[in-house]
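Number of protein chains: 2
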Amino acid sequence: MQKLTQQQMGRLTVEEFRAMTKRPVVAVLDNVRSAGNVGAFFRTADAFGMEAVVLCGITARPPQKEIHKTALGAELTVAWRGFDSTLEAVAALREEGYKIVAVEQVEGSVKLSDFEPAGNEKYALVFGNEVEGVAQEVVDACDLAIEIPQVGTKHSLNVAVTGGVVLWEFFRRLR
Amino acid sequence: MQKLTQQQMGRLTVEEFRAMTKRPVVAVLDNVRSAGNVGAFFRTADAFGMEAVVLCGITARPPQKEIHKTALGAELTVAWRGFDSTLEAVAALREEGYKIVAVEQVEGSVKLSDFEPAGNEKYALVFGNEVEGVAQEVVDACDLAIEIPQVGTKHSLNVAVTGGVVLWEFFRRLR
Chain A
134 MQKLTQQQMG RLTVEEFRAM TKRPVVAVLD NVRSAGNVGA FFRTADAFGM EAVVLCGITA
194 RPPQKEIHKT ALGAELTVAW RGFDSTLEAV AALREEGYKI VAVEQVEGSV KLSDFEPAGN
254 EKYALVFGNE VEGVAQEVVD ACDLAIEIPQ VGTKHSLNVA VTGGVVLWEF FRRLR
Chain B
134 MQKLTQQQMG RLTVEEFRAM TKRPVVAVLD NVRSAGNVGA FFRTADAFGM EAVVLCGITA
194 RPPQKEIHKT ALGAELTVAW RGFDSTLEAV AALREEGYKI VAVEQVEGSV KLSDFEPAGN
254 EKYALVFGNE VEGVAQEVVD ACDLAIEIPQ VGTKHSLNVA VTGGVVLWEF FRRLR
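Sequence lines, in order, name chains A and B.
The opening residue of the first sequence carries number 134 in our numbering; numbering runs sequentially from there.
The opening residue of the second sequence carries number 134 in our numbering; numbering runs sequentially from there.
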C-alpha cells in the first residue's frame, strides 16, 4: 500500500476551499488557554469543512506563531471571529439562527452517539477551557448539551481531541 | 443544565479500570515526537477503555513530565509497552494475533466511515510521526490501512486528534 503523495490527496486550493459549501457548524472556544489547541481546531475545521472557528475571551487569535505552527496555516483559510466574552458570542450566534450546543458533561446531556444533527439546522458547538471546561454561565445560555461517553478513570479528554471527535461526528452525519 | 461533579461522572477507580474488560484495541505510536501527543493518547485510551498504548522508536515513555501532565496521570492506569522499532512491535503484535492497521492516507485504504470492526478480532492501530506519518516500511508490514476522509486544504490532522477520532469509532462500534 503506497502512501499517497500530496497531489494524490486531492487537497483544495485556498480559493476552492473558500468557495466550497461548508457544514453549517462553527466551533466556539470558551477561554481556551493553549494556542496549540486553538491551532488544532483550525486544522480540524479545515479537514472537515466547517464554517468557522469562534475565539472567545482569553482564547488566542491569529496571527500568532503557535497557532500557525499547529494549524499548519489552516488559520489562513478557515474563517474565524473573535468575541470579548463567550456569552457575547453565544448571543450573536443565536441571533444569527444557530442552535447553541455545549460540549460538556452536564445533567440532561445527550450522548454523542445518540445525537442526530438536523439537516436544516445550523450548530454552534461550544468547547471549554482546559481546566474548567465550559463555564456554567455559558452552559446555562446553551440550548442543549452533548457529551462524549467515556468509561475510564479520568472522564476527561484533551479539548482538541474532543473537538476532533465531535466535529468528525457532525462531518460524518451531515454528508 | 448543571455541570456534573466528578462524583456524578462515575469515574472508575484504578482497580476497577484494571479489572474492566477492555476494547481489544491497542494504539501503536510510530516514532511520535511530541510527549504531549503521547500523553493525549494515554488520556484517550483511558476514556475509551482501550487495552494498551505501544510506544515505538523515539516515542517518549513514562515516567515523563510532559506525558504525566497531558495524560492527567492516565499513564499510570492504561497499560503500555515499549519497542525499539515499530517493525518489532508490529511483528510481536501479529504473533499475538492482532490485525495490524495503518492509520494513513495510502492507496487502497478503507474510509473510517466505511470500516466495520469485527467482533472477534483484535486490532493494533498504527499512528505516525507528526511530520512523516506512518513510515512506508511500517505501512508495508500492515494488513490494511484506514483513512479519515477529509475535504480541506491540508488533508492532515494532528496525530492526537487522529487518535481521538479513530479510537472513538472503535469504541462506538465495539460497544
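The beta carbon of each residue, even a glycine, is placed where N, CA and C say it ideally should be.
Every value quoted in this text rests on a predicted model; they were computed, and no experiment measured them.
Of the choices the options, whose alpha-carbon is the least far from that of residue i?
| i | options | result |
| --- | --- | --- |
| residue 197 (chain A) | A:217, A:185, A:229 and A:167 | A:167 |
| residue 148 (chain B) | B:209, B:213 and B:156 | B:209 |
| residue 289 (chain A) | B:222, B:213, B:302 and B:182 | B:182 |
| residue 201 (chain B) | B:237, B:171, B:157 and B:136 | B:171 |
| residue 190 (chain A) | A:220, A:212, A:175 and A:199 | A:220 |
| residue 230 (chain B) | B:134, B:284 and B:158 | B:158 |
| residue 217 (chain A) | A:245, A:192 and A:150 | A:192 |
| residue 287 (chain A) | B:142, B:286 and B:136 | B:142 |
| residue 207 (chain A) | A:228, A:185, A:226 and A:227 | A:185 |
| residue 270 (chain A) | A:224, A:212 and A:135 | A:224 |
| residue 205 (chain A) | B:299, B:228, B:212 and B:285 | B:285 |
| residue 249 (chain B) | B:140, B:135, B:211 and B:306 | B:306 |
| residue 211 (chain B) | B:175, B:227 and B:226 | B:175 |
Under the three-state reduction of DSSP, which class applies to residue i: helix, strand or coil?
| i | result |
| --- | --- |
| residue 284 (chain B) | coil |
| residue 229 (chain B) | coil |
| residue 308 (chain B) | coil |
| residue 170 (chain B) | helix |
| residue 181 (chain A) | coil |
| residue 193 (chain A) | coil |
| residue 273 (chain B) | helix |
| residue 205 (chain A) | coil |
| residue 251 (chain A) | coil |
| residue 214 (chain A) | strand |
| residue 257 (chain B) | strand |
Only counting the same chain, and skipping five residues up and downstream in sequence, which positions put a Cβ closer than 7 Å to that of residue i?
| i | result |
| --- | --- |
| residue 145 (chain A) | 153 |
| residue 215 (chain B) | 188 and 194 |
| residue 297 (chain B) | 177 |
| residue 227 (chain A) | 233 |
| residue 293 (chain B) | 170, 173 and 174 |
Which residues in the same chain have their Cβ closer than 6 Å to the Cβ of residue i, if we skip the five residues on either side of it in sequence?
| i | result |
| --- | --- |
| residue 254 (chain B) | 232 |
| residue 235 (chain B) | 259, 267, 272, 275 and 278 |
| residue 161 (chain B) | 187, 222, 257 and 259 |
| residue 203 (chain B) | 169, 172 and 173 |
| residue 291 (chain B) | none |
| residue 199 (chain A) | 168 and 169 |
| residue 140 (chain A) | none |
Buried or exposed: where does residue i fall if 16 or more other Cβ atoms within 10 Å of its Cβ makes it buried?
| i | result |
| --- | --- |
| residue 138 (chain A) | exposed |
| residue 247 (chain A) | exposed |
| residue 302 (chain A) | buried |
| residue 179 (chain B) | buried |
| residue 251 (chain B) | exposed |
| residue 237 (chain B) | buried |
| residue 151 (chain A) | exposed |
| residue 308 (chain B) | exposed |
| residue 156 (chain B) | buried |
Going by beta carbon distance, what residues of the same chain come within less than 8 Å of residue i, once the five residues before and after it are set aside?
| i | result |
| --- | --- |
| residue 282 (chain B) | 244, 245 and 246 |
| residue 213 (chain B) | 175, 185, 186, 187, 188, 194 and 195 |
| residue 295 (chain B) | 236, 260 and 281 |
| residue 300 (chain B) | 158, 160, 177, 178, 181, 183 and 258 |
> Does the count of Cβ pairs from the region 237-247 of chain B and the region 277-289 of chain B closer than 8 Å reach three?
Replying inline: yes
>> Pairs of beta-carbons, one from the region 164-182 of chain B and one from the region 262-271 of chain B, closer than 8 Å: are there three or more?
In response: yes
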